[in-house]
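Here's the structure we're looking at; comments come further down.
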Amino acid sequence: MPNDANRQTKPRHDAAYKSFFSRQSAVEDTLRLAARELARHLDFATLKRLPASFVTERLGQRHADMLWKALTVEGSWLYLFILLEFQSTVDRRMALRMMDYTVRILRGLDKDDLGPAGVHPPILPVVIYNGERRWTAATDVRDLFAPVPDELLGYLPRHRYLLIEVQALRASEKPSDNLLSLIASFEQAHSLELFEEALVEAADWLENATDRELAKLIKAWVALVLVQRFGTEGIGLEERLWEEEGTKMTTLIERARKWGEERDQQWLEKGLEKGIRRGRLQGERDLVLRMAARRFGAGAADDLAPVLAAVSDSDRVAAIAARVFECETADELIEWARGILPEDQAD
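The numbering used here applies: residue -15 is where the sequence shown begins, and numbers increase by one.
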């Protein structure tokens, strides 16, 4: 089944986002930035994620969709359904999809999940969109209907979703101590100068983050974005930025600037797919090994090395890089990597 194979080895940018938004602090930061008024009504100490099985059993959805719930300050539950959207084209019917998901979730709740007299808890649907194109689809399902006389308006459904468009967040909306703001700064950094500014902003956040596992994920993701954004030559900058694990990121910016003065301008114009050429696989493998070492420890990188050595194409290397974010353990990562090797190399 060639289509399945292609889908399996294609780089998956949403793997990192799934890891980010699987963490309580990331969801809290997102709501505090994108839904400030609503956030004031929530007790984030009670925020918890429902098991993935709850979503898949009711929605049959991909793993990137997740469901959270939190108590309001008034003492009632609010559910948060988060959908991560990375398609290059805007889904015009997203409002209809989100209404469908909301109904399925409500129908799947147990009696214990309902309030007095069987009252259903509210559900906030959230779409986090990171496509390059601006989002143009309706956020209210009513806007999908043809115009009707005023007498019929009351019979049309109303259902809105909260749209968070990462590429469109403005600088004035991005406090430096907010994770969503940090992510947006890197996503919008399409020049080395802007990338350096994002690194400076990230330094204090990384140093002060209470969720150290999340900080490691962000650090590995920054390295991956760096290579994707500036091509294979970005591997050299990535090595210089992180060669001293104990050094604060702000002190490494000078290295980035020095490298930038020496770089070939063409690498700033090309992405990873255009920049990678045959014979440069080892640099890509080394990058994945460093990512694995930061996430799981040096031993994990040692165990992964022989598996990566058997990988002979860039697509599979990129797929393994994405899995560094997605896998919970080093064993899971290595097992998955072995699973995408050609049959004659799997052993």
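For each residue, glycine too, the CB sits at the ideal point set by N, CA and C.
Computed from a predicted model, the values in this text were never measured in an experiment.
Integer-rounded CB distance, given that residue j should sit under 8 angstroms from residue i
| i | j | result |
| --- | --- | --- |
| A282 | L317 | Contact doesn't hold; Cβ gap of about 14 angstroms is too wide. |
| V301 | L265 | 7 angstroms |
| H143 | V132 | With 8 angstroms as the limit, H143 and V132 do not qualify as a contact, their Cβ atoms being about 17 angstroms apart. |
| A207 | L271 | 7 angstroms |
| L201 | F4 | 7 angstroms |
| R274 | L292 | About 12 angstroms; that fails the 8 angstroms criterion. |
| R278 | A204 | 5 angstroms |
| V150 | E135 | Wrong, their Cβ atoms sit about 41 angstroms apart, outside the cutoff. |
| V57 | D27 | 6 angstroms |
| E34 | L51 | Rather than Glu, the amino acid found at residue 34 in this sequence is Leu. Going by Cβ atoms, the distance from L34 to L51 rounds to 5 angstroms, so yes, they are a contact pair. |
Where the alpha helix (DSSP H) containing residue i begins and where it ends
| i | result |
| --- | --- |
| T120 | No alpha helix (DSSP H) contains T120, which DSSP labels as neither H nor E. |
| D188 | 176 to 192 |
| A171 | For the sequence presented, residue 171 should be read as Glu rather than Ala. Unbroken alpha helix (DSSP H) run through E171: 163 to 171. |
| I304 | 298 to 310 |
| L325 | Note, L325: premise wrong, no alpha helix (DSSP H); not H, not E. |
| D134 | 134 to 137 |
| L292 | 282 to 293 |
| L90 | 78 to 92 |
Sequence-distant residues of the same chain with beta carbon closer than 6 angstroms to residue i, five excluded per side
| i | result |
| --- | --- |
| L15 | A23 |
| I148 | A18, I112 |
| I304 | V272, A321 |
| T30 | A54, L55 |
| Q8 | L31 |
| L153 | A168 |
| R307 | L317, W320 |
| N(-10) | Any reading at N(-10) must be qualified, since the residue scores a pLDDT of 37, below 50, and its modelled position is unreliable; the value itself is stated next. For N(-10), where only same-chain residues beyond five positions count, there are no Cβ hits under 6 angstroms. |
| A314 | F280, A284 |
| A0 | W205, F309 |
| R241 | Reliability of the predicted coordinates at R241 is poor, the pLDDT of 44 falling under 50, and the value obtained from them is presented with this limitation in mind. Hits under 6 angstroms: none found. |
Bridge-paired residues (DSSP) for residue i
| i | result |
| --- | --- |
| Y63 | K53, I107 |
| L17 | In the DSSP output, where bridge partners are listed per residue, L17 has none listed. |
| E268 | DSSP, once it has assigned bridges, lists no residue as partnering E268. |
| I112 | L68, I148 |
Selection from the options that minimises the alpha carbon distance to residue i
| i | options | result |
| --- | --- | --- |
| L146 | W119, A284, A130, A321 | W119 |
| L80 | V272, L51, L140 | L140 |
| D287 | A305, E319, S298, E312 | E319 |
| D49 | F65, T56, G59 | F65 |
| V93 | Q172, D84, E181, P105 | Checking the displayed sequence, the identity of residue 93 turns out to be Leu instead of Val. It is P105 whose Cα lies nearest to the Cα of L93. |
| D75 | L164, I89, W205, N114 | N114 |
| I167 | P290, A182, L67 | A182 |
| P109 | L153, D134, L128, K53 | K53 |
| T86 | H25, A285, I107 | I107 |
| L128 | M78, E177, N162 | M78 |
| A199 | P159, F309, V211 | F309 |
| N162 | G323, E312, R20, Q212 | R20 |
| S160 | G138, V184, V150 | V184 |
| A97 | D84, S60, L67 | At residue 97 the sequence reads Asp, which differs from the Ala that was named. It is S60. |
| S298 | E180, L178, V211, D13 | V211 |
| A122 | G138, M83, R88, A173 | M83 |
| E69 | H174, H25, E116 | E116 |
| V209 | R196, E197, H174 | H174 |
| E180 | R213, V11, L137 | R213 |
| S165 | S6, A10, G323 | A10 |
Short CB-CB distance (under 8 angstroms) between residue i and chain B
| i | result |
| --- | --- |
| L183 | In the structure shown, chain B does not exist; there is a single protein chain. |
Residue span of the beta strand (DSSP E) that contains residue i, given as start and end
| i | result |
| --- | --- |
| V30 | At residue 30 the sequence reads Thr, which differs from the Val that was named. 26 to 33 is the extent of the beta strand (DSSP E) around T30. |
| E149 | 146 to 149 |
Contacts around residue i, its chain only, beta-carbon distance under 8 angstroms, and the 5 residues preceding and following it disregarded
| i | result |
| --- | --- |
| E257 | In this predicted model, E257 has a pLDDT of only 44, less than 50, meaning its place in the structure is not dependable enough to derive any value. |
| K95 | G102 |
| E253 | Because the pLDDT of E253 is 38, which lies under 50, any placement of that residue in the model is unreliable, and the number read from its coordinates should be weighed accordingly. Contacts found: none. |
Own chain partners of residue i with C-beta closer than 7 angstroms, once the 5 adjacent residues on each side are dropped
| i | result |
| --- | --- |
| C311 | L317, W320 |
| A193 | A199 |
| A289 | L273 |
| G99 | S60, P105 |
| D195 | R7, S9 |
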